[in-house]
Every structure is written in structure tokens, then in C-alpha cells.
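Residue numbering for the sequence shown follows full-length UniProt numbering, beginning at 1 and increasing consecutively.
Glycine included, each C-beta is placed from N, C-alpha and C at the ideal position.
Inspection log for the structure reproduced underneath, given as C-alpha cells.
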Amino acid sequence: MSRQATIDHLRANHPQLTIGTLTTDDQLEAVQILRDHQIPLLHIDIMDGQVWPKATVGPEFLSQLGSALLKDVHLLVAEPEVHIPLFTQAGADLISFSIEYSKDIAHCLQLITDGGDQILRGVSLNPDTDLALIQPHLADIDFVILLAIGPETGKETFFDTLPAKVKQLREWKPELLITIDGAIKKDNVGEVAKMGSDFIATGSAVFDGVDPAANITFMKGEIASAQA
């Protein structure tokens, strides 16, 4: 699928969930649950323990997943330019990186482009990062992840700042895909769905050790109700 075809496909019904499975032990079962519930994206947070106090998985994890879902790779790492080629080679369908820890935004975007003309190019912004930093690069950006929490904000969330950011990004580039990520729970997903993003990223709220299928159904229902 071409880059534009993927964008058109993902914009067809929004907002939708992009769901991470790293909090569950059985990845194959988790991926099947997402497929059964027509979740288009598998959200994969890549952390190196330097930016966020946690280390997750590497490119070999992607290689084991196959092509059942579009793999939405979110690089929450220091020096993303070092990691991007590894994940383009491992089969990522979307790659975003934290601009705060990049030496050169344009160079990182070019690395994603060089990895394959079908890969969607994205950037991730911490709550206190000025949107103006990405404005000069929007021609080469397919999607933006807006974080409601940051590595230095503790448990404090910044949902109240997101509607204005979504509005500004839409004015700059109407076709941009936008994801809201961070502290998404079953009791707030409905409110987040009203903020105008295309995707809402979650993980632990779904794979909480109880009933992930029921959690997805509930959250999709909350999103649908918010759009009614």
C-alpha cells in the first residue's frame, strides 16, 4: 500500500483506537483480539530507558509480528536517528520520533523516507513543546502524536491544552493525521474523542489483566457516543 493510500485508509473513520500490547504476555493472542475488533493500528512504544524510565522492545519484536496489523512505531528514545533505520528495516508501517531528543528533525524525517516510500512519517511532541518547531517540516510529516503527559510531568496531564493544538495543526495541514497519547483510560476516552484527533493511543487500559475484548468494545462505544 502506498503512503497516500494508507493515509486515506486511516482517515476513513475517526477517531479510532491505536492500541499497544506490551503490557500483555501473549502477543499473538493480543494481536488477534485487535484484529477481531477491527483495530487498524498496533501501537508500539519503543523506550530505551534514557528519556522515559523504562526500556521496552527492539526491532526484532516487529520482525516477529508479521503483517496482520499496521505497525505504529513510536520512538520515545534519545537520538532517534540511530534507531530509525533499524525499525524501517524491521517492517514498521508508521514511525514517529520525539523531536525533543532529535539532533535534526529534517534528517530524521529523511531517514524514514529513505526507509521506504510506503512508511508514514511522524513526529511526537511533549506537552510543553511549541508546535511552531514542526511547522517548517509539515510538508514531510504525515502524522503528529500529541502527548498528554511527558517524561518529566509525573502524573500530571495536559488534556486541556490539546484541543487548541489539534485545531492549529488542522489549520496548517488539514490532511495531517493526529494522535492523542498518554493517560488514556476507559473513564476519559469519551472526552478525548471530542478533541478532534484521528487516533487515540492506549494500551494498559485495554490489556489490564481482566477482559481486553470487553475493554475495547467499551472504549469504542464511548468514542461513538462522543461523536453522536
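Bounds of the beta strand (DSSP E) holding S124 are 120-125. Within the same chain, M195, G196 come within 7 Å of P163 by CB-CB distance, once the 5 residues on both sides are set aside. Going by beta carbons, L69 and A92 fall outside the 8 Å limit.
Taking 8 Å as the cut-off, the beta carbon of T157 is found closer than this to the beta carbon of A183. When rounded, the separation of the alpha-carbon atoms in I33 and T202 is 14 Å. About 7 Å separates the beta carbons of D142 and R3, which is inside the 8 Å limit, making them a contact pair.
Inter-segment contact for the region 204-211 and the region 167-177 is absent: fewer than three beta-carbon pairs are separated by less than 8 Å. The beta-carbon separation of F87 and P59, rounded to 5 Å, stays under the 8 Å limit for a contact.
Spanning the alpha carbons of T56 and V73 requires a straight line of approximately 12 Å.
Of all alpha-carbon atoms in L41, Y101, A5, the one lying nearest the alpha-carbon of V51 is that of Y101. Less than 8 Å separates the beta-carbon of P127 from that of L147. Under DSSP, M47 takes part in a beta bridge, and its partners are L76. Ranked by how close their Cα comes to the Cα of H43, the residues L75, I84, G49 have L75 in first place. Secondary-structure assignment with DSSP links K71 through a beta bridge to L42. C-alpha of H137 to C-alpha of Q227: approximately 31 Å in a straight line. With a contact defined as Cβ atoms closer than 8 Å, I134 and I105 qualify at about 7 Å. In the three-state DSSP reduction, L94 falls in the strand class (E or B). In the structure shown, L22 adopts coil according to DSSP, grouped into three states. Beta-carbon to beta-carbon, Q27 and F199 are separated by about 21 Å, too far to satisfy the 8 Å threshold.
Listed in chain order, the non-local C-beta contacts of D117 below 8 Å within the same chain comprise S2, R3, local neighbours out to five positions each way being set aside.
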